[in-house]
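Chemist: As they're listed, the protein sequences go chains G and B.
Each residue of the first sequence is one higher than the one before, counting from 53 in my numbering.
Each residue of the second sequence is one higher than the one before, counting from 53 in my numbering.
Protein chains: 2
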Amino acid sequence: MARRRLAVTIKHVAADAGVSLQTVSRVINNEPNVRPEMRERVQASIDRLGYVPSIAAQRMSGSKSYLILALNDRERTIADWRARQGTDWVDQMLLGGMLECAEHGYRLIFELVDTHEDHLERELGAALAALQPDGAILTPPHSDNQEILRILTRHHVPYARIGALGDEDGGSPAGVRVSMDDEGGARLATRHLIDLGHRRIGFISGPAEYRLAGWRVDGWRAEMAAAGLDGHAWLEAGDFSYASGARAARALLARAAPPSAIIASNDQMALATIEAARAAGLDIPRDLSVVSFDNTPLVRFTTPPLTAVDQPIAETTATAVRLLIEAQREGATPPPAALLPMTLVTRSSTAPPPAA
Amino acid sequence: MARRRLAVTIKHVAADAGVSLQTVSRVINNEPNVRPEMRERVQASIDRLGYVPSIAAQRMSGSKSYLILALNDRERTIADWRARQGTDWVDQMLLGGMLECAEHGYRLIFELVDTHEDHLERELGAALAALQPDGAILTPPHSDNQEILRILTRHHVPYARIGALGDEDGGSPAGVRVSMDDEGGARLATRHLIDLGHRRIGFISGPAEYRLAGWRVDGWRAEMAAAGLDGHAWLEAGDFSYASGARAARALLARAAPPSAIIASNDQMALATIEAARAAGLDIPRDLSVVSFDNTPLVRFTTPPLTAVDQPIAETTATAVRLLIEAQREGATPPPAALLPMTLVTRSSTAPPPAA
DNA sequence: ATCAAATAGGTGAACGTTCACAACAAACGC
DNA sequence: GCGTTTGTTGTGAACGTTCACCTATTTGAT
Numbered sequence: 053m054a055r056r057r058l059a060v061t062i063k064h065v066a067a068d069a070g071v072s073l074q075t076v077s078r079v080i081n082n083e084p085n086v087r088p089e090m091r092e093r094v095q096a097s098i099d100r101l102g103y104v105p106s107i108a109a110q111r112m113s114g115s116k117s118y119l120i121l122a123l124n125d126r127e128r129t130i131a132d133w134r135a136r137q138g139t140d141w142v143d144q145m146l147l148g149g150m151l152e153c154a155e156h157g158y159r160l161i162f163e164l165v166d167t168h169e170d171h172l173e174r175e176l177g178a179a180l181a182a183l184q185p186d187g188a189i190l191t192p193p194h195s196d197n198q199e200i201l202r203i204l205t206r207h208h209v210p211y212a213r214i215g216a217l218g219d220e221d222g223g224s225p226a227g228v229r230v231s232m233d234d235e236g237g238a239r240l241a242t243r244h245l246i247d248l249g250h251r252r253i254g255f256i257s258g259p260a261e262y263r264l265a266g267w268r269v270d271g272w273r274a275e276m277a278a279a280g281l282d283g284h285a286w287l288e289a290g291d292f293s294y295a296s297g298a299r300a301a302r303a304l305l306a307r308a309a310p311p312s313a314i315i316a317s318n319d320q321m322a323l324a325t326i327e328a329a330r331a332a333g334l335d336i337p338r339d340l341s342v343v344s345f346d347n348t349p350l351v352r353f354t355t356p357p358l359t360a361v362d363q364p365i366a367e368t369t370a371t372a373v374r375l376l377i378e379a380q381r382e383g384a385t386p387p388p389a390a391l392l393p394m395t396l397v398t399r400s401s402t403a404p405p406p407a408a
Numbered sequence: 053m054a055r056r057r058l059a060v061t062i063k064h065v066a067a068d069a070g071v072s073l074q075t076v077s078r079v080i081n082n083e084p085n086v087r088p089e090m091r092e093r094v095q096a097s098i099d100r101l102g103y104v105p106s107i108a109a110q111r112m113s114g115s116k117s118y119l120i121l122a123l124n125d126r127e128r129t130i131a132d133w134r135a136r137q138g139t140d141w142v143d144q145m146l147l148g149g150m151l152e153c154a155e156h157g158y159r160l161i162f163e164l165v166d167t168h169e170d171h172l173e174r175e176l177g178a179a180l181a182a183l184q185p186d187g188a189i190l191t192p193p194h195s196d197n198q199e200i201l202r203i204l205t206r207h208h209v210p211y212a213r214i215g216a217l218g219d220e221d222g223g224s225p226a227g228v229r230v231s232m233d234d235e236g237g238a239r240l241a242t243r244h245l246i247d248l249g250h251r252r253i254g255f256i257s258g259p260a261e262y263r264l265a266g267w268r269v270d271g272w273r274a275e276m277a278a279a280g281l282d283g284h285a286w287l288e289a290g291d292f293s294y295a296s297g298a299r300a301a302r303a304l305l306a307r308a309a310p311p312s313a314i315i316a317s318n319d320q321m322a323l324a325t326i327e328a329a330r331a332a333g334l335d336i337p338r339d340l341s342v343v344s345f346d347n348t349p350l351v352r353f354t355t356p357p358l359t360a361v362d363q364p365i366a367e368t369t370a371t372a373v374r375l376l377i378e379a380q381r382e383g384a385t386p387p388p389a390a391l392l393p394m395t396l397v398t399r400s401s402t403a404p405p406p407a408a
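1) Taking all protein chains shown into account, decide if His244(B) is buried (16 or more other Cβ within 10 angstroms of its Cβ) or exposed.
2) Along chain G, in chain order, which residues have C-beta atoms closer than 9 Å to that of Gln95(B)?
3) Residue range of the alpha helix (DSSP H) that Glu155(B) falls in?
4) Grab the span of the alpha helix (DSSP H) containing Met276(G) for me, first residue to last.
5) Tell me whether the segment 295-303 of chain G and the segment 315-335 of chain G touch, counting them as touching only if at least three CB pairs, one residue from each stretch, are closer than 8 Å.
6) Measure the alpha-carbon distance for Arg268(G) versus Gly258(G) and round it to whole angstroms.
7) Inspect the beta-carbon positions of Leu240(B) and Thr402(B) and report whether they are closer than 8 Å.
8) Evaluate contact between the segment 304-323 of chain B and the segment 340-360 of chain B, counting only Cβ atoms and requiring at least three cross-stretch pairs below 8 Å.
9) What are the start and end residues of the alpha helix (DSSP H) that includes Thr371(B)?
10) Here's the rule: buried if 16 or more other CB atoms are within 10 angstroms of the residue's CB, otherwise exposed. What is Asp125(B)?
11) Using a threshold of 8 Å, state whether the C-beta atoms of Leu376(B) and Gly187(B) are closer than that.
12) Spatial neighbours of Ala389(G) within its chain, please: C-beta separation below 6 Å, excluding the five flanking residues on both sides.
13) Could you spell out the range, first to last residue, of the alpha helix (DSSP H) harbouring Thr355(B)?
14) Helix or strand or just coil, what does DSSP make of Thr395(B)?
15) Is the shortest distance between the beta-carbon of Gln198(B) and the beta-carbons of chain G less than 8 Å?
16) Apart from the five residues on each side of it in sequence, which residues of its chain come closer than 8 Å, Cβ to Cβ, to Asp166(G)?
17) Just the chain B side, please: which residues come within less than 8 Å of Glu163(G) by C-beta, in chain order?
18) Would the segment 59-77 of chain B and the segment 96-103 of chain B be scored as touching if the rule is three or more Cβ pairs under 8 Å?
19) Between which two residues does the alpha helix (DSSP H) holding Asp68(B) run?
20) Within 8 Å (strictly less), CB to CB, does Phe292(B) reach chain G?
21) For Ser257(G), write down the residues that DSSP places opposite it in a beta bridge.
22) Is there a C-beta anywhere in chain G that falls below 8 Å from the one on Gly177(B)?
23) Determine, using beta carbons only, whether Leu146(B) and Val142(G) come nearer to each other than 8 Å.
24) Per DSSP, what kind of secondary structure is Tyr294(G) in: helix, strand or coil?
25) Ile120(G) and Val373(B) - do their beta-carbons sit closer together than 8 Å?
26) Give every residue of the same chain whose Cβ lies closer than 6 Å to the Cβ of Ala279(G), excluding the five residues on either side of it in the sequence, and list them in chain order.
27) Return the CA-CA distance between Ala360(G) and Phe345(G), expressed in angstroms with no decimal places.
28) What in chain G is Cβ-close to Gly149(B), meaning under 7 Å?
29) From Gly283(B) to Arg307(B), what does the alpha carbon distance come to, in whole angstroms?
30) At a CB-CB cut-off below 8 Å, which residues of chain B make contact with Arg128(G)?
31) How about Leu376(G): is its C-beta nearer than 8 Å to some C-beta of chain B?
32) Enumerate in chain order the residues of its own chain whose CB-to-CB distance from Gly223(B) is below 6 Å, with the five nearest sequence positions on each side excluded.
33) Go to Ala188(G), then tell me how far its beta strand (DSSP E) extends in each direction, as first and last residue.
34) At the level of alpha carbons, what is the spacing between Pro356(B) and Ser400(B)?
35) Return the Cβ separation of Gly149(G) and Ala122(B) in integer angstroms, given the expectation that the two are a contact with Cβ distance under 8 Å.
36) On the DSSP bridge list, what partners appear for Asp346(B)?
Printed below as a string of structure tokens:
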């Protein structure tokens with residue numbers, strides 16, 4: 053692995069602008085006593101060269117680190133988090149990744165990046181130059197952002213892409229992919245219902261622009277087909293919102309041959325479904341079984357608590373961290389992709405169908 | 053503000069062990085070609101002096117940074133977070149602090165610390181030495197951990213304590229305190245119910261070992277007293293768990309003179325309360341009004357959605373960050389403490405009492 | 001015994017930035 | 001005009017660590 057010596061330093065800027073290092077430093081730190089024209093000239097060089105001061109070096113010579121630590125009780129935070137058992141993106145991602153990092157002596161830094169226009173290049177570049185991380189983890193929708201991938205590559209930062217689409221990059225060695233098995237999760241839910249005896253299983257899909265929404269439909273359809281059931285009739289489109297879920301559920305229940313079970317592509321739509329069922333005078337799970345996707349804390353406190361497909365979000369970042377760290381070891385060649393299985397959490401919203 | 057030159061460096065270790073810098077470096081990095089006895093001697097010095105390598109310096113000379121960046125779509129994360137509008141500790145704290153940091157060119161690092169025994173001194177010390185942050189934010193239960201405060205002080209890291217108990221430290225200049233007005237929140241909820249015409253307002257408290265549980269009771273009691281109502285009769289003790297909430301709610305409803313409204317000290321107990329009321333054949337809000345505390349996402353999707361007191365958790369870290377940064381500015385003397393008001397989010401679980 | 005290799009340790013430079021101080025010019029008071 | 005301040009720029013050292021290279025010692029094969 054070649055040493056990276058590409059960073060543009062204060063020295064380059066000084067040479068470019070024809071001034072001393074100190075003058076550049078003064079401009080950077082907005083110190084007084086620099087002639088405006090000089091300041092302008094230096095700033096121009098900085099902008100043109102895309103120079104960003106290195107936090108490490110700044111820290112070395114006694115300046116600020118521009119870092120603030122948020123200290124949290126490890127045990128308690130973990131306990132809380134486990135207790136919740138649910139799927140809150142930020143929480144789960146952050147903590148899953150952090151714990152894995154801690155085990156290897158690494159540290160995870162959560163960074164919000166703004167993809168707006170020119171911001172991206174500057175901000176992300178600044179973050180990379182300042183922190184000089186050993187790796188980066190991309191979450192949707194960044195995972196497929198070519199611009200970001202380009203910048204990371206240019207800075208020689210290896211990355212892991214979570215929930216990335218596919219192999220468009222013909223096996224670029226820098227990138228690892230980690231995904232959750234949405235299709236498998238949907239199959240799990242469907243099979244559970246089939247095993248209970250259901251034949252007419254409805255599905256409320258997510259918005260088409262989310263790939264995972266499609267995969268979930270695919271899983272349901274595949275499992276229905278495998279059981280010789282109709283994987284087309286009881287499909288209604290939603291968009292992950294409560295309102296769309298309510299609409300879809302009402303439409304399904306109003307059918308001439310209504311489903312005896314409904315799988316909703318996310319929790320909010322599942323909540324809407326049980327509410328719609330209740331409004332229609334149906335008892336859950338006696339008259340209608342409902343399975344949810346995501347397993348956020350929400351669905352544990354509904355009446356009845358929902359059977360749900362759980363996403364391994366925490367494992368997602370944990371795996372990404374592990375793969376990144378392994379890849380650092382000379383000679384090691386970790387797998388270029390990992391697919392994490394989903395699990396089904398059975399609660400009381402599913403039962404055998406009325407007729408059975 | 054005096055320059056800090058207290059850190060123990062590789063040089064001190066080398067002198068102490070009577071070897072060269074390079075040998076110490078070799079030991080640190082577990083490189084081969086060091087005699088076991090030598091390695092042991094150096095390690096002893098390292099341990100005794102409490103030496104921790106500086107990430108900044110390591111990074112300078114081309115080694116790893118041991119940092120991994122988790123990149124997240126800023127806009128989307130913020131949108132998600134706002135949409136949720138709820139109170140998930142980690143999420144809210146992290147994002148509130150991060151956005152404030154970003155505005156000032158700072159960066160927030162979330163760090164789990166293990167308070168177990170000797171770990172604390174070493175781990176926290178390592179984190180501080182490695183990252184050399186400009187400030188630290190403590191959350192409960194760390195906010196009152198004297199050991200942690202001592203270590204921070206020794207490393208000259210100014211800190212902000214969130215939800216800290218009190219002024220035991222006779223105005224130590226290093227510390228800022230940020231708290232949420234639990235009592236005020238409880239008053240808000242109580243006043244809301246009084247304004248609706250309720251006279252018998254029940255209160256389900258949290259566990260005594262949490263100070264905030266006491267403050268919430270105080271607020272209810274104070275407001276009841278101010279309205280000439282009985283602030284003792286309708287109190288039942290809970291412990292923040294669903295089960296304890298159910299028990300307390302049943303007890304309140306079984307009274308000879310049951311309350312027409314109940315305030316639960318947290319969301320889970322509020323959920324238990326509406327479930328208990330429903331089991332008792334009561335309609336909410338027609339027969340019983342319920343107000344919840346915390347306002348987690350849970351209470352927006354119950355039937356009916358709950359009126360709740362919202363905790364300004366995000367503002368808590370944001371304020372801490374702001375105060376820490378302000379304090380850095382030479383000559384500035386920010387207030388030593390901030391008390392953030394809670395707000396009442398009115399939904400459909402509260403209405404005038406039946407008789408009124 | 002002799003020479004090559006391996007092992008154990010040390011030395012000086014480098015990393016990118018800021019600090020303390022020196023140097024010089026311009027502006028000012030008298 | 002002269003000394004003094006004020007504003008502007010440059011110079012060398014320092015921060016804490018690792019890297020490349022060098023020197024001594026030990027080991028092993030011939």
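Using N, Cα and C, we set each Cβ at its ideal position, and we do this for glycine too.
Modeler: In terms of the structure at hand:
1) Counting Cβ neighbours within 10 Å, His244(B) comes out buried, since at least 16 surround it.
2) From the beta-carbon of Gln95(B), no residue of chain G is found nearer than 9 Å; the closest lies around 17 Å away.
3) Trp141 to Glu155
4) Unbroken alpha helix (DSSP H) run through Met276(G): Arg263 to Ala278.
5) Contact holds: three or more Cβ-Cβ distances are below 8 Å.
6) 9 Å
7) Taking 8 Å as the cut-off, the Cβ atoms of Leu240(B) and Thr402(B) do not count as close.
8) yes
9) Unbroken alpha helix (DSSP H) run through Thr371(B): Ile365 to Gln380.
10) buried
11) yes
12) Arg229
13) Counting along the chain, Thr355(B) falls outside any alpha helix (DSSP H), and DSSP gives it neither H nor E.
14) When secondary structure is reduced to three states using DSSP, Thr395(B) falls in the strand class.
15) Against chain G, the CB of Gln198(B) has no partner CB under 8 Å away; the residue lies outside that interface.
16) Leu172 and Glu175
17) Neighbours of Glu163(G) on chain B, chain order: Leu121, Ala122, Leu123, Asn124 and Arg159.
18) yes
19) Here the alpha helix (DSSP H) through Asp68(B) covers Ile62 to Ala69.
20) no
21) For Ser257(G), which the question treats as bridged, DSSP gives the partners Ala289(G).
22) no
23) yes
24) helix
25) Result yes, Cβ atoms of Val373(B) and Ile120(G) sit closer than 8 Å.
26) Ile246
27) 5 Å
28) By Cβ distance, chain G contributes Ala122.
29) 16 Å
30) Pro193
31) yes
32) Note on Gly223(B): pLDDT 48, under 50, position unreliable in the model; no value is reported.
33) Gly187 to Leu190
34) Rounded to the nearest angstrom, the gap between the Cα atoms of Pro356(B) and Ser400(B) is 6 Å.
35) 6 Å
36) Asp362(B)
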